[in-house]
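>
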Amino acid sequence: MLSLPYGDDEFCEQAKRKIMEACDDYDANIFFLTGGTQTNATVIDSLLYQYEGVIAVDTGHINVHEAGAIEFTEHKIITIPNKGGKMEAAALNKYLNDFMHDGNKAHGVYPGLVYITFPTEFGTLYSADELDEIYGICRRFDIPLYVDGARLGYGLAADGNDITLPYLAHHCDVFYIGGTKIGALCGEAVVFTHNNANRHFFSIQKQHGAVMAKGRLLGIQFDT
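Take 8 as the starting number for the sequence shown in the numbering used here and just add one per residue.
1) Have a look at F208, N111, V121 and Y56 and flag the residue whose alpha-carbon is nearest the alpha-carbon of T86.
2) Could you please give the first and the last residue of the uninterrupted alpha helix (DSSP H) stretch that includes V50?
3) Starting from the C-beta of Y102, find all residues in its chain whose C-beta is less than 6 Å away, skip the five residues before and the five after it, and write them out in chain order.
4) Could you work out which residue in A48, M94 and V64 is closest to A74 when comparing CA atoms only?
5) Counting only the same chain and skipping the five closest in sequence on each side, list residues whose C-beta sits under 6 Å from that of I227.
6) Take the Cβ of Y153 as the centre, count every other Cβ of all protein chains shown within 10 Å, and call the residue buried at 16 or more, exposed below.
7) Alpha carbons only, please: which of G60, M94 and F229 is nearest the one belonging to F79?
8) State the DSSP-derived secondary structure class of Y58, mapped to helix, strand or coil.
9) The beta strand (DSSP E) spanning E195 covers which residue range?
10) Given a cut-off of 8 Å on the beta-carbon distance, is the pair I184 and I26 in contact?
11) Terminal residues of the continuous alpha helix (DSSP H) containing G119?
12) Which residues does DSSP list as the beta-bridge partners of F229?
13) With a 10 Å radius around its C-beta and 16 neighbouring C-beta atoms as the bar for buried, classify D52 as buried or exposed.
14) Kindly confirm or deny that the region 139–153 and the region 103–123 touch, where touching means at least three C-beta pairs closer than 8 Å.
15) Which residues in the same chain have their Cβ closer than 6 Å to the Cβ of A176, if we skip the five residues on either side of it in sequence?
16) Can you tell me where the alpha helix (DSSP H) with L172 in it begins and where it stops?
17) Would you mind stating whether E140 and T66 have Cβ atoms separated by less than 8 Å?
18) Is the distance from the Cβ of V64 to the Cβ of M94 below 8 Å?
19) Rounded to the nearest angstrom, how far is the Cβ of E195 from that of L40, given a contact under 8 Å?
20) In whole angstroms, what is the alpha-carbon distance linking G160 and Y58?
21) Please classify N70 as buried or exposed, where buried requires at least 16 neighbouring CB atoms within 10 angstroms.
22) Please list the segments of the beta strand (DSSP E) lying wholly inside the region 81–147, counting only runs of 3 or more residues, in order along the chain.
23) Sort out for me which residues DSSP pairs N36 with in a bridge.
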C-alpha cells in the first residue's frame with residue numbers, strides 16, 4: 008500500500024481524527040513534528056511578529072533547557088518570576104497591565120504570546136481554575152496562550168489533577184501532546200484549538216526543518 012508523503016497519509020489523518028475526538032474539538036488544526044525543542048521553536052515563531060517576544064516564567068523549559076532555541080529565531084523570552092515552577096495569574100496580569108500602560112512601550116519588546124508547561128519544570132501541576140484564570144487574562148489582552156505538553160500524559164494521569172484533555176483544548180489557543188518523552192519512538196502532536204493556525208504553518212514548519220518526508224512514521228505513533 009502506498010502512502011502520501013509529508014503528513015498527508017492515512018495514518019496521520021486517522022490520528023488527527025482521534026485527537027479531535029479525544030479533545031472534543033473538531034475545529035482543531037493538527038500538525039505532527041518530531042521533538043519538543045523543534046516544536047516549541049516552530050510554533051512560537053509561527054505565532055509572533057518579528058518585534059514580539061514570548062512571556063514565560065524564569066524556570067520555563069524554553070528559558071532554561073532549550074539552548075537558546077527561541078532566541079535563535081530572534082524572539083526574546085520575557086521572563087516573570089515563578090512560584091513552584093508555575094506562572095501566577097496575578098504576576099502575568101501585572102506585567103501585561105504595566106506594559107500596556109507604559110508610555111514607552113513602543114521601545115520595548117511587545118509581548119505576543121504566553122507560554123506555560125503542563126506539568127511544569129518542577130513537576131507541579133496547574134489546577135483547572137489556575138489555567139482558566141491565566142487564559143482569561145490572555146483573552147483580555149488578546150494574546151494567545153501556548154501550553155507545552157511534552158510531558159502532558161504524565162500530568163493528565165497524575166493524582167490530584169483536575170484538567171482533562173477537552174478542558175485543556177478549550178482553555179488555550181495551542182498546545183501539543185508529547186509523544187517522545189512519554190514512551191513514543193518520536194513525535195509531538197501540535198493542536199491549534201480553534202482553526203487558528205497560521206495559514207502558512209506548513210511552510211514555517213518546513214523552514215524550520217520540521218517536516219518529515221515519511222510523515223506516516225509520526226502519524227503511526229498517535230494512531231496506535
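Heads up, the beta-carbon is just placed ideally off N, CA and C, and yes, glycines get one too.
Well, looking at it:
1) V121
2) G43 to L54
3) I87
4) A48
5) F18
6) buried
7) G60
8) coil
9) E195 to F199
10) yes
11) Careful: G119 lies outside any alpha helix (DSSP H), inside the beta strand (DSSP E) at Y117 to T124.
12) Answer by DSSP bridge pairing: none, since F229 is not bridged.
13) buried
14) yes
15) C30, D32 and T200
16) L172 to A176
17) no
18) yes
19) 5 Å
20) 34 Å
21) buried
22) 84–87 and 117–124
23) F199
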